[in-house]
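Engineer:
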Amino acid sequence: MSATLSVVDERTRATVVLINVGTPDAPTTSAVRRYLREFLSDPRVIDLPALGRWALLNLVILPFRPRKSAALYRAIWTPQGSPLLVHGRALAAALQARLPQARVALGMRYGSPALAEALADAGDRVVLVPLFPQYASATAGSALAEARRLIDGGARRRSVTEVPPFFDDDGFLAAAASKIMEATQAGVDAVLLSYHGVPVSQVQATVAPGHVCGGDPAWRCCAALSPDNARCYRAQCLATSRALEARLRAAGCTAPVSTSFQSRLGRARWIGPATVDAVDELARSGKKRLAVACPSFVADCLETLEEIGVQLRARFLAAGGERFTLVPCLNDDARFVDALARMVARALGPPAEATGTATGSRSPA
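Heads up: the sequence shown begins at 161 in the working numbering, then just goes up one per residue.
1) Less than 7 angstroms between the beta carbons of Phe327 and Gln422, yes or no?
2) Are the CB atoms of Leu500 and Leu255 nearer to each other than 7 angstroms?
3) Report buried or exposed for Ser302, applying the criterion of at least 16 other Cβ atoms within 10 angstroms of its Cβ.
4) For Arg171, does the count of other Cβ atoms within 10 angstroms reach 16, so buried, or fall short, so exposed?
5) Taking the beta carbon of Leu490 as the centre, do at least 16 other beta carbons fall within 10 Å, making it buried, or is it exposed?
6) So, are the CB atoms of Asp492 and Leu216 less than 7 angstroms apart?
7) Identify every run of the alpha helix (DSSP H) within the stretch 316-394, keeping only runs that are complete inside it and at least 4 residues long; order them along the chain.
8) Ends of the beta strand (DSSP E) at Pro293?
9) With DSSP as the reference, please indicate the residues paired to Met268 in a beta bridge.
10) Is the distance from the Cβ of Ala479 to the Cβ of Val348 below 7 angstroms?
11) Exposed or buried, Gly412, counting other C-beta atoms within 10 Å across all chains shown (16 or more means buried)?
12) Could you give the residue range of the beta strand (DSSP E) that holds Ala280?
13) How is Phe476 classed by DSSP in three states: helix, strand or coil?
14) Give me the residue from Asp207, Ala276, Gly212 and Thr189 with the minimum Cα distance to Leu178.
15) Which residues share a DSSP beta bridge with Gln422?
16) Only counting the same chain, and skipping five residues up and downstream in sequence, which positions put a Cβ closer than 7 angstroms to that of Ala403?
17) According to DSSP, is Leu232 part of a helix, a strand, or is it coil?
18) Buried or exposed for Asn389, please, with buried defined as at least 16 other CB atoms from any protein chain shown within 10 angstroms of its CB.
19) Just to confirm, are Val439 and Leu462 a CB contact at a threshold of 7 angstroms?
20) Assuming contact is defined by CB atoms lying nearer than 7 angstroms, are Pro187 and Ala230 in contact in what I supplied?
21) Please report the residue range of the alpha helix (DSSP H) in which Ala443 lies.
22) Which residues bound the beta strand (DSSP E) around Thr485?
23) If we ignore side chains and look at the alpha-carbon of each, how far apart do Ala174 and Gly314 end up?
24) Inspect the beta-carbon positions of Val372 and Ile431 and report whether they are closer than 7 angstroms.
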């Protein structure tokens, strides 16, 4: 069902800001270096003491990774530019069509178009929409903190509302499950849901005091959401997986569904199981036809198209697999656009006058 809204009058015209991580401006070593320097300098991304973060970035990562990453970006770059940016613009345009009385803008936490640019012409009401279904300090947390900093530093008073994590939103789940079903019509032996990983220390920082987080190899602490782990990224990912599996079963999919985490960086302990290990185990167990979906990404990007679609595909086929299917991200799928429009409608509610520099609902840090 299309969600065309008319809840905002011209007096308090809302600006809806879609926020994603970002992308280099070009698939070149210099552009990737600039992007990585900004991205990895964020203490929420690399949560080391300042000196350790500087050393890791400037002595280990930046001298070597930009050239390698630039080659990977070139492999997925489109004539229109970075896939993440292309899909982000398409999503913003589609959402704008659903919200004719609001202004929809796309802002990247790092790189261009910058958040400051997206907020420059914002109206009296701002709705911040982090395009991360599950909450993590390094993604939604950082994006919201930066947006709030920019708004608080401006001279204009604005009422600000944040769309909360939508890992359990019915519209999001329905759209994601439909994508998986459409991509697996030829039949599969297994479905793997691969989420972006984060260091264990970052999820431990979000749980209630006294809650055991990651203390046993089975990670039973994340098996169900509770008041103690409601903000835990891994617990939210597993909740998404359970909901998607239920929808896949209802739609007739009988293949086993499992969950893993990708994109590990550095030597710190990260949440698991690792996607590469999960794929190796599936191949060893005789699975020949594998479908991989990435429910923590709403737009196809380097981590989905290259890390999963190229590297993981080659790994599975080399281990004896016969068919590997990468399920496309939601991108600007009409079902996802409708779901986002409904989320924004809930966030807006009735119009209200701005009462402070940055007021309204605020997600935890």
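C-beta atoms are modelled at their ideal positions from N, C-alpha and C, and glycine is treated no differently. From a predicted model like this one, the values you see are computed outputs, not experimental measurements.
Structural biologist: To lay it out plainly:
1) Position 167 of the sequence shown, counted from the first residue, corresponds to residue 327. Position 262 of the sequence shown, counted from the first residue, corresponds to residue 422. Taking 7 angstroms as the Cβ cut-off, Phe327 and Gln422 do not qualify as a contacting pair.
2) Indexing the sequence shown from 1 puts residue 500 at position 340. Indexing the sequence shown from 1 puts residue 255 at position 95. Between Leu500 and Leu255, the gap from beta carbon to beta carbon is short of 7 angstroms.
3) Within the sequence shown, numbered from 1, the residue matching residue 302 stands at position 142. The residue in question, Ser302, is buried, as its Cβ has 16 or more Cβ neighbours within 10 Å.
4) Sequence index remark: in the sequence shown, residue 171 carries index 11 (1-based). Per-residue confidence for Arg171 stands at a pLDDT of 44, beneath the threshold of 50, marking its modelled position as unreliable; no derived number is given.
5) Reading the sequence shown from its first residue, position 330 is the one you call residue 490. Leu490 is buried by the Cβ-count criterion.
6) Here residue 492 refers to the residue found at position 332 when the sequence shown is read from its first residue. Here residue 216 refers to the residue found at position 56 when the sequence shown is read from its first residue. Not in contact: Asp492 and Leu216 (Cβ atoms no closer than 7 angstroms).
7) Secondary structure in the stretch 316-394: the alpha helix (DSSP H) runs of 4 residues or longer, each lying completely within the stretch, are 330-343 and 360-364 in chain order.
8) Along the sequence shown, one-based indexing puts residue 293 at 133. Counting along the chain, Pro293 falls outside any beta strand (DSSP E), and DSSP gives it neither H nor E.
9) In the sequence shown, the residue the question calls residue 268 occupies position 108. Per DSSP, Asn180 and Ala274.
10) Counted from its first residue, the sequence shown places residue 479 at position 319. Counted from its first residue, the sequence shown places residue 348 at position 188. Their beta carbons are not under 7 angstroms apart, which means Ala479 does not touch Val348 by this criterion.
11) In the sequence shown, the residue the question calls residue 412 occupies position 252. The Cβ neighbour count for Gly412, taken over all protein chains shown within 10 Å, is under 16; the residue is labelled exposed.
12) Here the question's residue 280 lines up with position 120 in the sequence shown. According to the DSSP assignment, Ala280 belongs to no beta strand (DSSP E), since it is labelled neither H nor E.
13) If you number the sequence shown from 1, residue 476 lands on position 316. Judged by DSSP in its simplified three-state form, Phe476 adopts helix.
14) As a first step, residue 178 is located in the sequence shown; it is residue number 18 there, counting from the start. In terms of CA proximity to Leu178, Ala276 leads the group Asp207, Ala276, Gly212 and Thr189.
15) Numbered from its first residue, the sequence shown carries residue 422 at position 262. According to DSSP, Gln422 shares a beta bridge with His356.
16) As a working note, residue 403 is residue 243 in the sequence shown. Counting only Cβ-Cβ distances below 7 angstroms, and skipping sequence neighbours, we find Asp328 and Leu333.
17) Your numbering for residue 232 matches position 72 in the sequence shown. Per DSSP, reduced to three states, the secondary structure at Leu232 is helical.
18) Indexing the sequence shown from 1 puts residue 389 at position 229. So Asn389 counts as buried.
19) Locating residue 439 in the sequence shown gives position 279, counting from the first residue. Locating residue 462 in the sequence shown gives position 302, counting from the first residue. No; because the gap between Cβ atoms is not below 7 angstroms, this pair is not in contact.
20) On the sequence shown, residue 187 is found 27 positions in, with the first residue counted as 1. On the sequence shown, residue 230 is found 70 positions in, with the first residue counted as 1. Cβ distance < 7 angstroms, so Pro187 and Ala230 count as in contact.
21) Along the sequence shown, read from residue 1 onward, the residue named residue 443 stands at position 283. It spans Thr435 to Arg444 - the alpha helix (DSSP H) in which Ala443 sits, taken as one unbroken run.
22) For the purposes of this step, residue 485 is identified with residue 325 of the sequence shown, where counting begins at 1. For Thr485, the uninterrupted beta strand (DSSP E) run begins and ends at Arg483 to Leu486, by DSSP.
23) Mapped onto the sequence shown, residue 174 falls at position 14. Mapped onto the sequence shown, residue 314 falls at position 154. Ala174 and Gly314: Cα-Cα distance of roughly 17 angstroms.
24) Position 212 of the sequence shown holds residue 372. Position 271 of the sequence shown holds residue 431. Their beta carbons are not under 7 angstroms apart, which means Val372 does not touch Ile431 by this criterion.
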